[in-house]
Amino acid sequence: MGTVFGIHAVILEPNVYNLRAKLIALHVLATILPEYRSDDLSVIKKLVNDLLHNISENMWSTSKYTVKRMCSVKEAEVDGKLQKLSSSISESTTPSTLSTESNTVIEAAFDPDKSLCCSIEAGGVLTHGNGGRGYGLSCSPITSGVYQWNFHIAREHRGNEGTCVGVSKWPITEYNHRTTVDMWLYRAYSGNLYHGGEHQTMTLPSYTQGDTITCILDMDAHTLAFGKNGEEPKVAFDDLEATVLYPCVMFYSTNPGEKVKLSDIQIIETASSLPAGEPYCAPEVSVIVEANIRILQNLKTEADKSLVQMISPEDTLNAVNLSSPSASGGEEKESKSSTDVSYQGVTNDIAIEALCKEVWPVLAFVGGLDTGLRVGGRCVTQPIREKVLFLV
């Protein structure tokens with residue numbers, strides 16, 4: 011069961027990296043398990059033990075993958091800031107937000123047969139030409155999996171930007187950015203989002219010449235995320251309904267001259283864990299722990315019976331008593347040698363580990379960890395006071 015929740019019980023490596031995927035798995039279990047009935051108490055006890063184990067491991071154990079991803083994000087942020095200050099920024103691109111290790115890189119190029127009022131240069135560069143509004147689609151159709159790529163704004167009319175980036179269907183029936191239902195677009199001038207009209211619920215940072223926009227398209231989760239200059243990508247669209255999509259650029263201005271470079275198209279083997287909304291919402295650790303606690307709460311009586319046995323002093327708290335003075339019986343009063351000090355340190359470590367792994371999960375179940383606003387949690391909208399599920 012530990013592997014489903016994202017932590018392997020032995021090597022503590024995540025088998026599922028995507029926060030949304032973890033929450034979906036936990037939500038399914040929270041729905042199914044209350045209907046499960048068994049007269050065998052050992053089955054319920056094992057289930058409760060597994061859930062408490064996941065609460066402990068998600069709280070106290072940081073996987074190598076998480077550390078590596080955090081380092082990659084920080085490195086990309088620094089590189090993005092340095093690149094923006096560089097005098098040669100117009101000829102360079104921001105490094106990928108995620109490590110390219112083990113990712114498959116494919117050719118980044120625009121398709122001449124899928125462009126309008128644009129010229130295509132070597133190296134995946136699309137230039138807006140004369141003739142009015144135009145667009146260009148890449149040569150790479152995306153049908154499944156998770157893809158990431160960069161759009162570098164090589165030339166733009168500062169203060170009067172006329173570029174949108176995103177994804178598109180083919181063929182295109184309409185290419186007005188305000189009304190098209192064939193494209194999912196992120197506008198340079200205002201940071202507004204468009205698909206079948208302007209999306210009023212979310213606005214991203216505006217961008218201009220010299221900026222780089224990272225896109226992450228998850229065809230399985232039907233989401234499209236954008237990040238500016240190495241920042242963590244944010245999900246802009248979560249309802250993409252298309253079987254085939256293409257990275258695209260649209261020039262909605264009638265002024266020619268804009269230039270956008272497409273680069274670093276990668277097939278990502280596993281999706282990045284998109285942000286949980288902190289600091290405004292609970293961090294990812296609290297999100298997963300609270301989801302596990304909710305499952306235990308839904309088990310009600312079955313969980314209570316098992317917990318009564320688990321919190322008995324003879325089993326759970328014995329390890330904590332290893333470091334207490336009474337544990338040795340008080341018989342030896344000789345001065346402590348270096349070996350004694352070393353042993354005392356070991357027993358203290360054992361006691362702390364026992365508290366974290368055995369006692370703390372039970373306390374978290376009883377009192378909760380973070381009952382505030384969190385992804386996957388329930389909240390009440392204003393003013394109609396409708397109960398909804400909160401998602402980023």
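By our numbering, the letter at position 190 of the sequence shown is numbered 200, and the numbering carries on one by one without gaps.
Note that beta-carbon positions come from the ideal geometry of N, C-alpha and C, so glycine has one too.
Bridge partners of residue i, per DSSP?
i: T190; result: None, per the DSSP bridge assignment.
i: Q276; result: V115, Q158
i: P257; result: V177
i: E208; result: Y204
Report the CB separation of residue i from residue j in whole angstroms; it is logged as a contact under 8 Å.
i: T218; j: R143; result: About 19 Å; that fails the 8 Å criterion.
i: N10; j: V299; result: This structure cannot speak to residue 10, because the chain is shown only from 11 to 402.
i: I305; j: L43; result: 6 Å
i: H187; j: Y262; result: 5 Å
i: L147; j: K124; result: 4 Å
i: F236; j: Y204; result: Wrong, their Cβ atoms sit about 13 Å apart, outside the cutoff.
i: D192; j: C149; result: In fact, because the Cβ distance is near 18 Å, the residues do not count as touching under 8 Å.
i: T211; j: N202; result: The pair is not a contact, with the Cβ atoms about 11 Å apart (cut-off 8 Å).
i: C174; j: M260; result: 4 Å
i: A258; j: S178; result: It is worth fixing the name first, because residue 258 is Cys in this sequence and not Ala. At roughly 4 Å, the Cβ-Cβ gap stays under 8 Å, so C258 and S178 are in contact.
i: A301; j: L36; result: 4 Å
Go ahead and pull the three-state DSSP assignment for residue i.
i: R165; result: strand
i: L43; result: helix
i: I34; result: helix
i: Q400; result: Inspection of the sequence shows that residue 400 is occupied by Phe rather than by Gln. Coil.
i: H138; result: strand
i: D380; result: coil
i: E368; result: helix
i: K124; result: strand
i: T107; result: Here the model assigns T107 a pLDDT of 42, short of 50, so the residue's position is not dependable, and the following value carries that caveat. Coil.
i: E268; result: coil
i: E341; result: Unreliable positioning characterises E341 in this predicted model, as indicated by a pLDDT of 49, which lies under 50. The coordinate reading is nonetheless provided below. Residue state, collapsed to three classes: coil.
i: E4; result: Here the chain has residues from 11 to 402 only, and residue 4 is not among them.
i: R304; result: helix
i: S71; result: coil
Residue i and residue j: beta carbons closer than 9 Å?
i: V385; j: L39; result: no
i: F247; j: W194; result: yes
i: W159; j: I275; result: yes
i: N170; j: P266; result: no
i: A164; j: K238; result: no
i: T189; j: I182; result: no
i: H167; j: E268; result: yes
i: F400; j: I65; result: no
i: G172; j: Y199; result: yes
i: V156; j: L227; result: yes
i: G240; j: V390; result: no
State yes or no: is the beta carbon of residue i nearer than 9 Å to at least one beta carbon in chain B?
i: E396; result: Of the chains in the structure shown, none is chain B; there is only one protein chain.
For this session: Counting only runs of 3+ residues fully inside the stretch 220-251, write out the beta strand (DSSP E) ranges in chain order.
Result: With a minimum length of 3 residues, the continuous beta strand (DSSP E) runs that stay inside the stretch 220-251 are 222-228, 233-238, 244-247.
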